[in-house]
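S.K.: First residue of the sequence shown: 1, per UniProt numbering; consecutive thereafter.
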Amino acid sequence: MPGVRGPSEYSQEPPRHPSLQINAKEPFNAEPPRSALNSSYITPVDLFYKRNHGPIPIVDDIERYRVSVCGLVENPKELSMAIIRKLPKYEVTATLQCAGNRRTAMSKTKTVKGVGWDVSAIGNATWGGAKLSDVLELVGIPKLTSVTSSGGKHVEFVSVDMCKEEKGGPYKASIPLNQATNPEADVLLAYEMNGEPLNRDHGYPLRGIVPGVIGARSVKWLDSINIIAEECQGFFMQKDYKMFPPTVDWDNINWSTRRPQMDFPVQSVICSFEDVDVVKQRKVTISGYAVSGGGRGIERVDVSVDGGQTWIEASRYQKADVPYIGDDKSSDKWAWVFFRAEAEIPRNAEIVAKAVDTAANVQPENVKDIWNLRGILNTSWHRVQVRVGHSNL
Ligand SMILES: Nc1nc2c(c(=O)[nH]1)N[C@H]1C(S)=C(S)[C@@H](COP(=O)(O)O)O[C@H]1N2
Ligand SMILES: [Mo]
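(1) Does the region 344-359 come within contact of the region 231-251, defined as at least 3 CB pairs closer than 8 Å?
(2) Hey, which unbroken runs of the beta strand (DSSP E) at 3 residues or more fall wholly within the region 39-114?
(3) DSSP three-state call for W336: helix, strand or coil?
(4) Are there 16 or more other CB atoms within 10 angstroms of the CB of T43, so buried, or fewer, so exposed?
(5) Can you look up N372 in the DSSP assignment and give me helix, strand or coil?
(6) With respect to 6 Å, is the separation between the Cβ of C232 and the closest non-hydrogen atom of ligand 1 below this value?
(7) Tell whether a beta-carbon distance below 7 Å holds between S120 and Y49.
(8) Measuring straight from C-alpha to C-alpha, what distance separates S146 and V269?
(9) Can you list, in chain order, the residues of its chain whose CB lies under 8 Å from that of D161, leaving out five sequence neighbours each side?
(10) R374: beta carbon under 6 Å from a heavy atom of ligand 2?
(11) Could you pull out every residue in the same chain whose Cβ sits closer than 7 Å to the Cβ of S150, ignoring the five residues on either side in sequence?
(12) Determine the contact status of G128 and E192, defining contact as a CB-CB distance below 7 Å.
(13) Does the count of Cβ pairs from the region 83-95 and the region 240-255 closer than 8 Å reach three?
(14) In the DSSP output, what is H154 paired with across the bridge?
(15) Which residue wins for smallest C-alpha separation from R374, given the options S11, I228 and K113?
(16) In terms of alpha-carbon separation, which member of R387, V59 and Y324 lies closest to S315?
(17) Check whether the Cβ atoms of R383 and N348 sit closer than 7 Å, and answer yes or no.
(18) Please classify D328: is it buried, with 16 or more other beta-carbons within 10 angstroms of its beta-carbon, or exposed?
(19) Do you know how far the Cα of L87 is from the Cα of K242?
(20) Note down the Cα distance separating S39 from G123, rounded to an integer number of angstroms.
(21) Using only alpha-carbon positions, find the residue among P197, G195, A335 and E350 that is nearest to R282.
(22) Looking at the unbroken alpha helix (DSSP H) that takes in D134, where does it start and where does it end?
(23) Can you tell me where the beta strand (DSSP E) with M193 in it begins and where it stops?
(24) Out of curiosity, what's the CA-to-CA distance linking I141 and D306?
(25) Given this structure, state the Cα-to-Cα distance separating L198 from I345, to the nearest angstrom.
(26) Using the three-state DSSP reduction, which class does H390 fall into: helix, strand or coil?
(27) In terms of DSSP beta bridges, what is G123 paired with?
(28) Would you please state the rounded distance, in angstroms, between the beta carbons of L189 and V135? I believe it to be under 8 Å.
(29) Am I right that W117 and T104 are in contact with their C-beta atoms under 8 Å? What's the rounded C-beta distance?
(30) Using a Cβ-Cβ cut-off of 8 Å (strictly less than) and excluding sequence neighbours within five positions of L79, which residues of its own chain qualify?
(31) Can you pull the DSSP bridge partners for I286?
(32) So, for M81: in the same chain, excluding its five sequence neighbours on each side, which residues have a beta-carbon less than 8 Å away from its beta-carbon?
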């Protein structure tokens with residue numbers, strides 16, 4: 001496709017914020033300190049985690065950029081940015097979470113494969129763009145379609161970045177057509193992030209945003225959108241980002257037995273302390289984020305200062321002036337919820353958080369029970385060890 005291209009090496013990467021913790025340099029994978037996450041409901045773009053599988057693509061000429069919408073459709077089209085901008089613009093506040101968030105903690109149970117992440121491979125942004133359901137109407141697919149007349153059932157997003165997992169080919173992923181054509185699923189072709197044009201790291205000029213679903217399906221730097229009969233056969237759908245039980249290891253894995261992971265499960269993380277921390281006073285504020293996939297709200301966040309023997313309920317909020325009610329119209333349904341509790345802690349405290357979503361799903365107690373060889377979806381109770389004392393003791 002003219003206009004945007006994926007380079008084969010890393011000499012033209014964009015500038016990045018110095019406080020990002022770099023987990024891998026090439027491809028660039030980095031996350032902010034956990035304290036930064038907790039200080040703003042909308043994560044600033046420069047602090048938002050960056051998860052890449054190849055060098056960042058380059059737009060040479062935005063006027064010539066087109067995204068092609070093709071495959072099993074009657075009216076394949078090549079759409080310019082001008083055409084996409086002419087469609088009604090939606091702003092959707094949605095949390096993007098990498099399936100590998102909290103992988104480092106899972107690897108302490110037993111080695112896993114993948115980039116190590118602390119608790120900040122997650123961020124909340126207001127994405128601006130056209131609804132995919134409106135774009136698909138331009139090629140003749142009506143709203144709420146499950147199968148096209150020519151048998152299309154999935155929408156594949158294809159990028160231009162060169163990924164070694166794809167043997168130098170582009171990153172790609174798909175979602176079901178009925179999700180793509182459902183306006184209420186809020187799937188976007190986004191050209192803005194927090195009111196600014198997308199930057200290169202986050203997918204300039206155009207990316208998919210699939211709310212409530214693991215970040216891997218929100219493909220950046222879109223080149224084409226294919227309507228296909230079977231789900232995308234690319235590496236990241238078929239040989240990665242699948243959830244396996246703890247019994248499966250590299251010598252007995254059969255990838256075809258599992259579905260690609262889509263929605264993420266309920267998650268919560270304490271951001272007000274490091275994993276091992278020291279405080280001066282027994283009275284502390286425990287705060288962090290909670291989020292669930294599939295558009296489910298957060299019903300409750302429980303906090304413990306004694307390793308989970310007793311619990312107190314934390315308060316929840318999204319915006320200062322609006323009371324948060326899970327699954328209510330007044331809430332951002334795709335976005336995280338902040339929680340906060342004040343407590344007196346014992347001298348050596350294990351502080352724990354666990355969230356419950358509106359379907360009453362709860363986080364698993366122990367990471368070992370959900371250990372999987374790729375180290376994805378570590379949503380176990382988040383535990384931090386906090387000692388009351390002097391930091392130099
Ligand atoms: N083209 C392309 N899209 C991509 C990726 C990628 O490497 N290439 N990474 C995916 C993964 S695994 C995640 S978690 C999100 C990260 O988006 P961000 O870097 O904007 O935070 O982008 C997804 N989309
Ligand atoms: Mo990811």
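Cβ coordinates follow ideal geometry from the N, Cα and C atoms, glycine included.
M.R.: In short:
(1) no
(2) 66-71, 77-80 and 90-97
(3) Position 336 of the sequence shown, counted from the start, is the residue given in the question as residue 336. It is coil, neither helix nor strand.
(4) Here residue 43 refers to the residue found at position 43 of the sequence shown. Its Cβ being crowded by 16 or more others within 10 Å, T43 is buried.
(5) As a position in the sequence shown, residue 372 is number 372, starting the count at 1. In this structure, N372 counts as coil in the three-state DSSP scheme.
(6) Along the sequence shown, read from residue 1 onward, the residue named residue 232 stands at position 232. Result no, Cβ not under 6 Å from ligand 1.
(7) In the sequence shown, residue 120 corresponds to position 120, counting from 1. In the sequence shown, residue 49 corresponds to position 49, counting from 1. It is a contact, given that the beta carbons lie within the stated cut-off.
(8) Taking the sequence shown and counting its residues from 1, one reaches residue 146 at position 146. Taking the sequence shown and counting its residues from 1, one reaches residue 269 at position 269. Cα to Cα, S146 sits roughly 36 Å from V269.
(9) In the sequence shown, residue 161 corresponds to position 161, counting from 1. Closer than 8 Å at the Cβ level, and outside the excluded window around D161, lie G6, N52, H53, G54, P55, I56, P57, P170, Y171, K220 and W221.
(10) Numbered from 1 along the sequence shown, position 374 holds the residue referred to as residue 374. Not so, every heavy atom of ligand 2 lies at least 6 Å from the Cβ.
(11) Translated into positions along the sequence shown, residue 150 becomes position 150. These residues qualify, in order along the chain: L72.
(12) Against the sequence shown, residue 128 aligns to sequence position 128. Against the sequence shown, residue 192 aligns to sequence position 192. Their beta carbons are under 7 Å apart, which means G128 touches E192 by this criterion.
(13) no
(14) Against the sequence shown, residue 154 aligns to sequence position 154. According to DSSP, H154 bridges with P176 and I228.
(15) Translated into the one-based positions of the sequence shown, residue 374 becomes position 374. If we check each option's Cα against that of R374, K113 comes out closest.
(16) Along the sequence shown, one-based indexing puts residue 315 at 315. Ranking the options by Cα distance to S315, first place goes to Y324.
(17) Translated into positions along the sequence shown, residue 383 becomes position 383. Translated into positions along the sequence shown, residue 348 becomes position 348. Contact flag unset, no.
(18) By 1-based counting over the sequence shown, the position of residue 328 is 328. With fewer than 16 other Cβ atoms within 10 Å, it is exposed.
(19) If you number the sequence shown from 1, residue 242 lands on position 242. If you number the sequence shown from 1, residue 87 lands on position 87. Whole-angstrom Cα-Cα distance: 35 Å.
(20) In the sequence shown, the residue the question calls residue 39 occupies position 39. In the sequence shown, the residue the question calls residue 123 occupies position 123. Cα to Cα, the separation comes out at about 12 Å.
(21) Here residue 282 refers to the residue found at position 282 of the sequence shown. Ranking the options by Cα distance to R282, first place goes to E350.
(22) Within the sequence shown, the letter at position 134 stands for residue 134. Per DSSP, D134 belongs to the alpha helix (DSSP H) from L132 to L138.
(23) Position 193 of the sequence shown, counted from the start, is the residue given in the question as residue 193. Counting along the chain, the beta strand (DSSP E) containing M193 begins and ends at L188 to M193.
(24) The residue labelled residue 141 in the question sits at position 141 within the sequence shown. The residue labelled residue 306 in the question sits at position 306 within the sequence shown. Distance between the alpha carbons of I141 and D306 is about 55 Å.
(25) Residue mapping note: residue 198 aligns to position 198 of the sequence shown, counting from 1. Residue mapping note: residue 345 aligns to position 345 of the sequence shown, counting from 1. Between L198 and I345, the C-alpha separation is close to 43 Å.
(26) The residue given as residue 390 occupies position 390 in the sequence shown. Reduced to three states, the DSSP call for H390 is coil.
(27) Residue 123 sits at position 123 when you count from the first residue of the sequence shown. Answer by DSSP bridge pairing, in chain order: L96.
(28) The residue labelled residue 189 in the question sits at position 189 within the sequence shown. The residue labelled residue 135 in the question sits at position 135 within the sequence shown. Contact flag correct, Cβ pair sits at about 6 Å.
(29) In the sequence shown, counting from the first residue as 1, residue 117 sits at position 117. In the sequence shown, counting from the first residue as 1, residue 104 sits at position 104. With a Cβ gap of about 6 Å, W117 and T104 count as contacting.
(30) Translated into positions along the sequence shown, residue 79 becomes position 79. Answer for L79: R66, V67, S68, V69, V135 and L138, listed in chain order.
(31) Taking the sequence shown and counting its residues from 1, the one referred to as residue 286 is at position 286. A341, per the DSSP bridge assignment.
(32) As a working mapping, residue 81 is identified with position 81 in the sequence shown. These residues qualify, in order along the chain: I62, Y65, Y191, P205 and L206.
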